[in-house]
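>
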Amino acid sequence: MGIEIEQSCVQLSNIAISDTHGENSPYFAGWKAYDENPYHELTNSSGVIQMGLAENQVSFDLVEKYLEEHPEDYNGFRENALFQDYHGLKSFRTAMASFMEQIRGGRAKFDPERIVITAGATAANELLTFILANPGDALLVPTPYYPG
Numbered sequence: 001m002g003i004e005i006e007q008s009c010v011q012l013s014n015i016a017i018s019d020t021h022g023e024n025s026p027y028f029a030g031w032k033a034y035d036e037n038p039y040h041e042l043t044n045s046s047g048v049i050q051m052g053l054a055e056n057q058v059s060f061d062l063v064e065k066y067l068e069e070h071p072e073d074y075n076g077f078r079e080n081a082l083f084q085d086y087h088g089l090k091s092f093r094t095a096m097a098s099f100m101e102q103i104r105g106g107r108a109k110f111d112p113e114r115i116v117i118t119a120g121a122t123a124a125n126e127l128l129t130f131i132l133a134n135p136g137d138a139l140l141v142p143t144p145y146y147p148g
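Note that UniProt numbering has the sequence shown beginning at 1, numbered continuously upward.
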């Protein structure tokens with residue numbers, strides 16, 4: 001005698017099914033203003049200073065000069081020095097897909113385009129919360145878990 005399990009359809013949050021990427025937020029409004037009128041010390045001193053992103057591009061010239069003099073140290077500095085694709089580095093996702101296929105003995109295929117890398121369990125839980133829940137929804141999170 002078998003047990004029948006009813007398969008429920010998982011519904012995603014309004015954020016997850018949206019075609020936008022939060023473009024209507026103040027964060028993106030700031031980026032748009034910066035893109036249209038960026039500050040430059042000499043040529044546009046009344047321009048917008050981008051303060052909504054924790055990227056330090058101030059020393060790029062120094063690091064790039066060092067890397068030109070020491071090419072064996074690293075290739076592709078600029079592409080990897082700042083924030084990456086929200087899904088994680090493509091090369092890492094590709095390596096992860098290959099690793100997962102290997103440990104599954106080749107019985108399963110993994111598409112790197114469908115893999116999302118997070119900075120840890122807390123980030124993964126937050127991401128899942130935004131994907132699965134709408135404002136006002138409640139979730140149970142198993143403990144122990146970091147507060148805050």
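Beta carbons: idealized from backbone N, C-alpha and C, even for Gly.
The structure presented is a predicted model; accordingly, all values stated were derived computationally and were not measured.
Write down the C-beta distance between ILE15 and PHE130 rounded to the nearest angstrom, noting that I regard them as a contact closer than 8 Å.
5 Å
> Evaluate LEU12 with the Cβ neighbour count: other Cβ atoms within 10 Å of its Cβ, from every protein chain shown; 16 or more gives buried, anything less gives exposed.
exposed
> Tell me the rounded alpha-carbon separation between GLU69 and ASP61.
12 Å
> Roughly how far, in whole angstroms, is the beta-carbon of GLY52 from the beta-carbon of TYR27, given that I think they are within contact range, below 8 Å?
Taking 8 Å as the upper bound for CB-CB distance, GLY52 and TYR27 are in contact here, some 6 Å apart.
> Grouping DSSP H, G and I as helix and E and B as strand, with all else coil, what is ASN14?
Three-state DSSP puts ASN14 in a helix.
> Roughly how many whole angstroms lie between the Cα atoms of GLY105 and ARG93?
18 Å
> Measuring alpha carbon to alpha carbon, tell me which of LEU42, ALA29, ARG114 and LYS109 ends up nearest LEU89.
ARG114
> In this structure, what does DSSP give as the bridge partners for VAL48?
PRO38
> If you follow the alpha helix (DSSP H) that LEU67 is in, where does it begin and where does it stop?
60-69
> Indicate whether at least one CB of chain C lies closer than 8 Å to the CB of VAL63.
Absent from the structure: chain C. Only one protein chain is present.
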